[in-house]
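S.K.: This is the structure I have questions about; it appears just below.
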Amino acid sequence: MNTDIQVIFVDLGGTFRVIRDDLEYKNAAKARIAELLGAEGDPVEYFDTVIDKRYDVYRAWCLKFMCEAPEEMLWTRWLAYDFPKEKVKAAAKELTAAYRRTKGERVVVEGGVETVRELRRRGYTVGIISDLVGKSEVDEWLDHDGIRDLFDTVQQSSITYIRKPNPAIYFYAIEDLGAEAENCCYVGDNLNRDIVGAKAAGFGMTVAVEYADMPPLKLTEENRPDAKVVTFDQLLDIFPARGQVAEDQLIKP
92 MNTDIQVIFV DLGGTFRVIR DDLEYKNAAK ARIAELLGAE GDPVEYFDTV IDKRYDVYRA
152 WCLKFMCEAP EEMLWTRWLA YDFPKEKVKA AAKELTAAYR RTKGERVVVE GGVETVRELR
212 RRGYTVGIIS DLVGKSEVDE WLDHDGIRDL FDTVQQSSIT YIRKPNPAIY FYAIEDLGAE
272 AENCCYVGDN LNRDIVGAKA AGFGMTVAVE YADMPPLKLT EENRPDAKVV TFDQLLDIFP
332 ARGQVAEDQL IKP
């Protein structure tokens, strides 16, 4: 581990953004997918028994090849291949956005914005490295919430087509900032993607989040982070100033 940390990258889903469960919100998204496709029958049942099952097949492909497919291919090859191809392609962007909403409303974790602002005030550069489908959601969210200025780079598997733990997406991020991997830390909730990928990319440090509603972390020699936090704002205890790490906050060997 390197304590000369100058850049902190954060994961989005499950780390900086968490899901607010709202059945009405999710069912409205499922209905929108059925409407866009022209699917007959109960839209919730159609989503649960057809679309979501097909997404499981797509996700297995993603994880096997550490790759994200373009939105149009996602829907024409995996999720809605039994509908007219040109119609599906034309609606792919909105279909993807609706699919994301079927899982719940995504909101910034408590204290997230304030913590990143303080990290930047302390001198750290902050960026995002995230796996997700859809090219427009993150940009729209950053602009809507007025927080684009908090992040010096945003790397998404939906843009690069590369998923964690492939180290390439981490390389894109550090190259974009002109940073050195050993001076970077990655913060994420998935040990076997976020932490393993950052280590493979040569990052100097990793931090895992273990929020109260998450299952306990199952650490192995390969996925073991250097520190963990149970609330996002605890990052401020670990990173007092650029180039420094509070070593008493680290996981003991």
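The sequence shown maps to residues 92 to 344 in this note's numbering.
Glycine residues also receive a C-beta, built at the ideal position from the N, C-alpha and C atoms.
Would residue 114 be called buried (16 or more neighbouring beta carbons within 10 Å of its own) or exposed?
M.R.: Counting Cβ neighbours within 10 Å, residue 114 comes out exposed, since fewer than 16 surround it.
S.K.: In chain order, what are the residue ranges of uninterrupted beta strand (DSSP E) at least 3 long that sit wholly in the region 142–230?
M.R.: Here the runs fully enclosed are 196–199, 216–221.
S.K.: Whether or not the region 207–224 and the region 235–249 are in contact is what I'm after, with contact meaning three or more pairs of Cβ atoms, one per stretch, closer than 8 Å; do they touch?
M.R.: Judged by Cβ distances under 8 Å, the region 235–249 makes contact with the region 207–224, as three or more pairs qualify.
S.K.: Sort out for me which residues DSSP pairs residue 121 with in a bridge.
M.R.: BP columns for residue 121 are empty, so no partner.
S.K.: May I ask you to report which of helix, strand or coil DSSP gives residue 345?
M.R.: The displayed coordinates of the chain run from 92 to 344. Any statement about residue 345 would go beyond what the structure contains.
S.K.: Which same chain residues end up closer than 7 Å to residue 158 when comparing Cβ atoms and leaving out the 5 residues on each side of it in sequence?
M.R.: These residues qualify, in order along the chain: 252, 253, 254.
S.K.: In the DSSP assignment, what residue or residues form a beta bridge with residue 345?
M.R.: Coverage of the chain is limited to positions 92 through 344, which leaves residue 345 absent and any answer about it impossible.
S.K.: Tell me which residues share the same chain as residue 188 and place their Cβ nearer than 8 Å to its Cβ, disregarding the 5 neighbours each side in the sequence.
M.R.: Correct list, in chain order: 225, 227, 228.
S.K.: Would you mind giving the Cβ-Cβ distance between residue 104 and residue 223, rounded to the nearest angstrom? I have them listed as a contact below 8 Å.
M.R.: That belief holds up - the Cβ atoms of residue 104 and residue 223 are roughly 6 Å apart, short of 8 Å.
S.K.: Counting pairs of beta carbons, one from the region 296–305 and one from the region 320–335, are three or more of them closer than 8 Å?
M.R.: Touching, yes.
S.K.: Taking the DSSP output, what are the residues bridged to residue 247?
M.R.: In DSSP, residue 247 forms a bridge with 221.
S.K.: Counting only the same chain and skipping the five closest in sequence on each side, list residues whose C-beta sits under 8 Å from that of residue 169.
M.R.: Excluding sequence neighbours, residue 169 sits near 145, 146, 148, 149, 152, 160.
S.K.: Using only alpha-carbon positions, find the residue among 284, 139, 126 that is nearest to residue 260.
M.R.: Comparing Cα positions, the closest option is 284.
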